[in-house]
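S.K.:
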Ligand SMILES: [Zn+2]
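Numbering (the working numbering), first residue to last: 1 to 201.
1) May I have the straight-line CA-CA distance separating residue 37 from residue 116, to the nearest angstrom?
2) Let me check one thing: in DSSP terms, what residues is residue 191 bridge-paired to?
3) Does chain D have any CB closer than 8 angstroms to the CB of residue 116?
4) Considering only heavy atoms of ligand 1, list every residue whose Cβ is less than 5 angstroms from one of them, following chain order.
5) With a threshold of 16 other CB atoms inside 10 Å of the CB of residue 56, please say whether the residue is buried or exposed.
6) Would you kindly check if the distance between the Cβ of residue 142 and the Cβ of residue 124 is under 8 angstroms?
7) Report the residue from 75, 174, 188 whose alpha carbon sits nearest the alpha carbon of residue 112.
8) With DSSP collapsed to three states, give me the class of residue 137.
9) Given a threshold of 16 other Cβ atoms within 10 Å of its Cβ, counted over all protein chains shown, does residue 156 qualify as buried or as exposed?
10) Residue 79 and residue 182 look like a contact to me (Cβ under 8 angstroms); what is the Cβ gap, rounded to whole Å?
11) Between the Cα of residue 29 and those of 179, 105, 166, spot the shortest distance and give me the residue it belongs to.
12) Which value, in whole angstroms, describes the spacing of the CA atoms of residue 147 and residue 192?
13) What are the uninterrupted segments assigned as alpha helix (DSSP H) that are 4 or more residues long and contained completely in the stretch 26-81, given in chain order?
14) Just the Cα atoms here: how many angstroms apart are residue 8 and residue 39?
15) Output yes or no for whether 8 angstroms exceeds the beta carbon distance between residue 126 and residue 151.
16) Pick out the complete beta strand (DSSP E) segments inside the stretch 88-143, 3 residues or longer, and give them in chain order.
17) DSSP on residue 146, reduced to helix/strand/coil?
18) Would you mind sorting residue 161 into buried or exposed? The rule is 16 or more other CB atoms within 10 Å of its CB.
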């Protein structure tokens, strides 16, 4: 069983102030969240740098990922250390993820840049049902959507500031291994929780 913050932005996102080293230090010092997915906006550079730094610490894991901006809304690819080919349509991104055993996740569906009900039209792998930057009602609507679609729900802080890291987490029935974690998410072996750290809106 592992606990993971599955949505984090580093300074490789233009709107984030979280240095890759700060994220690594957070995982090293956190008493139970030892896994995070780096999901920068439209780039995988930050996850590469963060994974490199994290490799010095055997008890933490940084999952590669990216949050792609599409005209329909943001979609996260967990597991990817490469960019999907253009054009970034939702269908292309989902196909790209499926072909490579990555996990496609609809990010914060009921917030700005979220897909909303459009998500129902796509064969995504999971829905982000607890986002640290979404209101309780938006998260509730996302949980209802996941239930309706019969999909697993993930949690991620969507941190853009160091203080926002690890406000929520996903518990995954898997070992500390990216492939294992991705498989378990697809199987729905996940549950979500807030950490009690204050969530910013
Ligand atoms: Zn984000």
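Don't be surprised by glycine CBs; every beta carbon is placed ideally from N, CA and C.
Note that the structure is predicted; figures quoted are calculated from it, not measured.
M.R.: Taking the geometry as given:
1) What you label residue 37 is simply residue 37 of the chain shown in a count that begins at 1. What you label residue 116 is simply residue 116 of the chain shown in a count that begins at 1. The alpha-carbon of residue 37 is positioned some 23 angstroms away from that of residue 116.
2) Position 191 of the chain shown holds residue 191. Assignment of beta-bridge partners to residue 191 by DSSP yields 171.
3) Judged by its chain identifiers, the structure shown contains no chain D, having just a single protein chain.
4) Those residues are 67, 158, given in chain order.
5) For the purposes of this step, residue 56 is identified with residue 56 of the chain shown, where counting begins at 1. Residue 56 counts as exposed, since fewer than 16 other C-beta atoms from the protein chains shown sit within 10 angstroms of its C-beta.
6) As a first step, residue 124 must be located in the chain shown, where it is residue number 124. As a first step, residue 142 must be located in the chain shown, where it is residue number 142. Residue 142 sits away from residue 124, with the two beta carbons spaced by 8 angstroms or more.
7) Numbered from its first residue, the chain shown carries residue 112 at position 112. Of 75, 174, 188, the residue nearest in Cα terms is 75.
8) For the purposes of this step, residue 137 is taken as the residue at position 137 of the chain shown. Note: residue 137 maps to helix in three-state DSSP.
9) Counted from its first residue, the chain shown places residue 156 at position 156. Buried, because 16 or more other Cβ atoms sit within 10 Å of the Cβ of residue 156.
10) On the chain shown, residue 79 is found 79 positions in, with the first residue counted as 1. On the chain shown, residue 182 is found 182 positions in, with the first residue counted as 1. Residue 79 to residue 182, Cβ: 5 angstroms. Contact.
11) Taking the first residue of the chain shown as 1, we reach residue 29 at position 29. Minimum Cα-Cα distance from residue 29 among the listed residues 179, 105, 166 corresponds to 166.
12) By 1-based counting over the chain shown, the position of residue 147 is 147. By 1-based counting over the chain shown, the position of residue 192 is 192. If you take the alpha carbons of residue 147 and residue 192, they lie about 14 angstroms apart.
13) For the stretch 26-81, the continuous alpha helix (DSSP H) assignments of 4+ residues that do not extend past its boundaries occur at 45-54, in sequence order.
14) Translated into positions along the chain shown, residue 8 becomes position 8. Translated into positions along the chain shown, residue 39 becomes position 39. Roughly 6 angstroms separates the two Cα atoms.
15) Indexing the chain shown from 1 puts residue 126 at position 126. Indexing the chain shown from 1 puts residue 151 at position 151. Yes, Cβ-Cβ distance for residue 126 and residue 151 is below 8 angstroms.
16) Whole beta strand (DSSP E) segments, 3+ residues: 103-106, 126-131.
17) Reading the chain shown from its first residue, position 146 is the one you call residue 146. Residue 146 sits in a helix when the DSSP states are folded into three classes.
18) Taking the first residue of the chain shown as position 1, residue 161 is located at position 161. The residue is exposed, with fewer than 16 neighbouring Cβ atoms inside 10 Å.
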